[in-house]
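Following the working numbering, the residues of the sequence shown are numbered contiguously, the last one being 347.
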Amino acid sequence: PVLHTHDRFGHRRDEVEFHPAWHALMRAGVQQELHALPWRTDQPGAHVARAATYVCSGQAEAGFGCPITMTFAAVPALRTQPEVAAEWVPRLTATSYDPELRPAAEKASALCGMAMTEKQGGSDVRANTTRADAVGDGWWELTGHKWFCSYPPCEVFLVLAQAPAGLSCFVLERGPGMEFQRLKDKLGTRSLPSSEVEFKGAAARMLGAEGRGVATIIEMVTHTRLDCVIGSAAGIRRGV
């Protein structure tokens, strides 16, 4: 993948260019409900069925699993706040894949990412310095830098930032004030465009209680880590 930060006129573009095979894999994963199966049915065993399908997909190509996993994992976190869930969960669980770069409100489907890690703290997110300033009517502006932000093409992100009462979780829609600086130069999963991002007054809404950001986003983190186990099993199975 290649990140295009600006167009030829110098305006922000923040668009990632992919090999066509990436979109084919993403479309197949979404159509087969890898991102949403347990949330779309009450059928017993849905998590097991999804896990088996995830292992099969991971044996073919592990890189595209990240946005699939994050979208899947975001649903439990968003459900902690019903009005936010009502807006986003139907789009995050839709079975259509739309890679076009345009406002989320114009799309029937969406993908969700996360941005927690910063340079100075690493995995200790309590050291985060990204700031959240209230601007009224339930909206906040985020300002700061994230050393690791997964999958720039997502329509929405869960982000940790420091509010007056402490580290809090925010729902941030991709748009003005969210500027991707570069893609991470990684040893593995090179097909996946993990990135560094700068927030410059990006508009966001709080998810969960102020000062309880880790407790809120852990609902998402837990499900992503379970998928890391499933994905690792896929890699081992492929190796064997």
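Cβ coordinates follow ideal geometry from the N, Cα and C atoms, glycine included.
Residue burial annotation: residue 217 is buried, with at least 16 other C-beta atoms found within 10 angstroms of its C-beta.
Under the DSSP assignment, residue 167 falls outside any beta strand (DSSP E), being part of the alpha helix (DSSP H) whose first and last residues are 153 to 167.
Between the C-alpha atoms of residue 269 and residue 241 there is a straight-line separation of about 11 Å. Secondary structure within the segment 191 to 232: the beta strand (DSSP E) runs of 3 or more consecutive residues, fully enclosed, are 219 to 222 (chain order). DSSP links residue 111 through a beta bridge to 122. Inclusion of residue 201 and residue 215 in the CB contact set at 8 Å is warranted, their separation being smaller than that value.
Under the 10 Å beta carbon count, residue 129 is surrounded by 16 or more other beta carbons and is classified as buried. Residue nearest to residue 143 within the set 120, 110, 151 and 177 is 177 (criterion: CA-CA distance). At a Cβ-Cβ threshold of 8 Å, residue 192 and residue 186 count as neighbours. Around the Cβ of residue 247, a 10 Å sphere holds 16 or more other Cβ atoms; the residue is buried. In this structure, residue 266 lies near residue 311, with their beta-carbon atoms less than 8 Å apart. The Cβ-Cβ distance between residue 285 and residue 306 falls below 8 Å.
At a Cβ-Cβ threshold of 8 Å, residue 236 and residue 220 do not count as neighbours. When DSSP states are grouped into helix, strand and coil, residue 266 belongs to the strand group.
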